[in-house]
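Per mature numbering (1 follows the signal peptide of the UniProt record, and there is no 0), the sequence shown runs over residues -25 to -1, 1 to 62. Take a look at the structure below.
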Amino acid sequence: MNTTAMKALMLGAVALVATAGTANAQNQSTPRGWNYEIKDGKRVPKANRVTNADGSWREESKQGKCVTVKERTAAGEYKETRQCSPN
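Below, the structure is given as structure tokens:
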């Protein structure tokens, strides 16, 4: 092989490794215990979800002065309420 082809092959291999490394870094999740997660490069508060033994759950998330409550019963009924305080 001549030197130009060898250089092109090495450059291609380096580019492949670099793109695989950045794709891996973007798919990482936020560590447990942190109160936010990263979405579109921004910090978004995590929802507080409580799951019961019967399969029902309740989740509260805040956005500014508003609180959204999502609930699902063991029977599968889903309810979502949103309340905003004027303070």
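Glycine included, each C-beta is placed from N, C-alpha and C at the ideal position. Bear in mind that the values here come from a model prediction, so they are computed numbers and not experimental data.
| In terms of residues, what are the limits of the beta strand (DSSP E) holding residue -24? | Here the question's residue -24 lines up with position 2 in the sequence shown. Run containing residue -24: none; DSSP gives neither H nor E here.
| query | Roughly how many angstroms separate the alpha carbons of residue 70 and residue -23, rounded to a whole number? | reply | Residue 70 lies beyond the residue range present for the chain, which begins at -25 and ends at 62; the question has no answer from this structure.
| said: Relative to the C-alpha of residue 52, which candidate in 40, 60 and 32 has its C-alpha closest? | reply: Along the sequence shown, one-based indexing puts residue 52 at 77. Closest option to residue 52, Cα to Cα, is 32.
| query | Between the C-alpha atoms of residue 26 and residue 62, what's the straight-line distance to the nearest angstrom? | reply | To locate residue 26, count along the sequence shown from 1; it is residue 51. To locate residue 62, count along the sequence shown from 1; it is residue 87. C-alpha of residue 26 to C-alpha of residue 62: approximately 30 Å in a straight line.
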